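Engineer: Here it is: the structure, laid out below.
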Amino acid sequence: MKPFLHNFLDVLVSTLIVIMFIRAILSWLPNARGKISDFVVQITDPMLNPIRKFVPVTGGVDFAPLVFFFLIKVLHEILSVLIGT
Numbered sequence: 003m004k005p006f007l008h009n010f011l012d013v014l015v016s017t018l019i020v021i022m023f024i025r026a027i028l029s030w031l032p033n034a035r036g037k038i039s040d041f042v043v044q045i046t047d048p049m050l051n052p053i054r055k056f057v058p059v060t061g062g063v064d065f066a067p068l069v070f071f072f073l074i075k076v077l078h079e080i081l082s083v084l085i086g087t
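Numbering of the sequence shown is given in the working numbering, commencing with residue 3 and proceeding in unit increments.
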């Protein structure tokens, strides 16, 4: 059971990081509106909005994805230790 949980956790964290990275790239492209970008925004906003309450956009730069990367990696490490991998 532990290897399954560890693999599931790794896949989940990797997927979240990739989706967040895509979100960051799309935010740099001025004409990146469409079904894919709307879908990515729809998925990531619920994760980023709570962070934005504590880390507001500064000078037009949104640091919420960076904070998310840090938090998800810390959470991943903690859960990996708790699972025992």
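Where is the CB? At the ideal position from N, CA and C, for every residue including glycine. In this text, all values refer to a predicted model and were calculated from it rather than measured experimentally.
To test your reading of the DSSP string, which unbroken alpha helix (DSSP H) runs of 4 or more residues are found completely within the segment 29–66?
Structural biologist: As far as the segment 29–66 is concerned, its whole alpha helix (DSSP H) runs of at least 4 residues are 37–56.
Engineer: Does the distance from the CB of I74 to the CB of H8 come in under 8 angstroms?
Structural biologist: Position 72 of the sequence shown, counted from the first residue, corresponds to residue 74. Position 6 of the sequence shown, counted from the first residue, corresponds to residue 8. Result no, Cβ atoms of I74 and H8 do not sit closer than 8 angstroms.
Engineer: Check whether the segment 55–64 and the segment 14–23 are in contact - that is, three or more C-beta pairs closer than 8 angstroms.
Structural biologist: Judged by Cβ distances under 8 angstroms, the segment 55–64 makes no contact with the segment 14–23, as fewer than three pairs qualify.
Engineer: Enumerate in chain order the residues of its own chain whose CB-to-CB distance from F6 is below 8 angstroms, with the five nearest sequence positions on each side excluded.
Structural biologist: By one-based count along the sequence shown, residue 6 stands at place 4. There are no such residues.
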